[in-house]
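Novice: Following this message is one structure expressed as structure tokens.
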Amino acid sequence: MNKQQAELLNGIALAYIGDAIYEIFVREYLLDKGLTKPAMLQKNATRFVSAKAQAKIISAMDEVDFLTDYELTYFKRGRNAHSKTTAKNTDVVTYRISTGFEAVVGILHLTQQKERLQEFWDFCLKTIEVDLI
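Residue numbers (the numbering used here): 22 to 154.
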């Protein structure tokens, strides 16, 4: 997929791929930290991938103007997208913010902005400040 095609995707499609990419980042991070037991991996992964965690990261990014105008466009596209999926463990607003978060990850990945995606991930790590169990 080229950049132009990626930029035409709807927010749900961007969030779909963004969710998968972010999940891989988190899983690799946890394995690098030496976690190998499935229960511990799942418990610690949730601290990163839950809608509440992603909303917290977006809030922190907003406080320091971390997102570029380009990224904000795709965040809003994801946040404002109409999904048939319902929020499972959170309120609708938090769920929509997390969809926007995942859309940003998706557009950065699909447009091959690897350096910026790494900066995004580094910000996520600093924000969550997770103490692994």
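Here a beta-carbon is modelled for each residue, glycine too, at the ideal position from N, C-alpha and C. Because the structure is a prediction, the values reported are computed rather than measured.
Can you tell which of Phe122, Gly55, Tyr91, Asp40 has its C-alpha closest to the C-alpha of Lys77?
Specialist: Of the candidates Phe122, Gly55, Tyr91, Asp40, the one whose C-alpha sits nearest the C-alpha of Lys77 is Phe122.
Novice: Can you round the beta-carbon distance between Tyr116 and Leu35 to whole angstroms, since I take them to be within the 8 Å contact cut?
Specialist: At roughly 16 Å, the Cβ-Cβ gap does not stay under 8 Å, so Tyr116 and Leu35 are not in contact.
Novice: Based on Cα-Cα distance, which residue from Glu150, Phe144, Asn23, Met22 lies nearest to Glu84?
Specialist: Comparing Cα-Cα distances from Glu84 to each of Glu150, Phe144, Asn23, Met22, the minimum goes to Phe144.
Novice: Buried or exposed for Ile118, going by 16 or more other Cβ atoms inside 10 Å?
Specialist: Ile118 comes out buried.
Novice: Could you have a look at Ser104 and say whether DSSP puts it in helix, strand or coil?
Specialist: Residue state, collapsed to three classes: coil.
Novice: Is the separation between the beta-carbon of Phe46 and that of Trp142 shorter than 8 Å?
Specialist: Their beta carbons are under 8 Å apart, which means Phe46 touches Trp142 by this criterion.
Novice: Flag this pair as yes or no: are the beta carbons of Thr148 and Ala66 separated by less than 8 Å?
Specialist: Contact flag unset, no.
Novice: Taking just the CA atoms, how far does Gln133 sit from Gln75?
Specialist: The straight-line gap from Cα to Cα measures roughly 21 Å.
Novice: Candidates Gly127, Gln139, Lys135, Lys109: which alpha carbon is nearest Ala41's?
Specialist: Looking at the Cα atoms, Gly127 is the closest of the given residues.
Novice: Taking only runs of the alpha helix (DSSP H) that begin and end inside the stretch 29-73, which ones reach a length of at least 4 residues, in chain order?
Specialist: Listed in chain order, the complete alpha helix (DSSP H) runs (minimum 4 residues) inside the stretch 29-73 are 32-53, 59-70.
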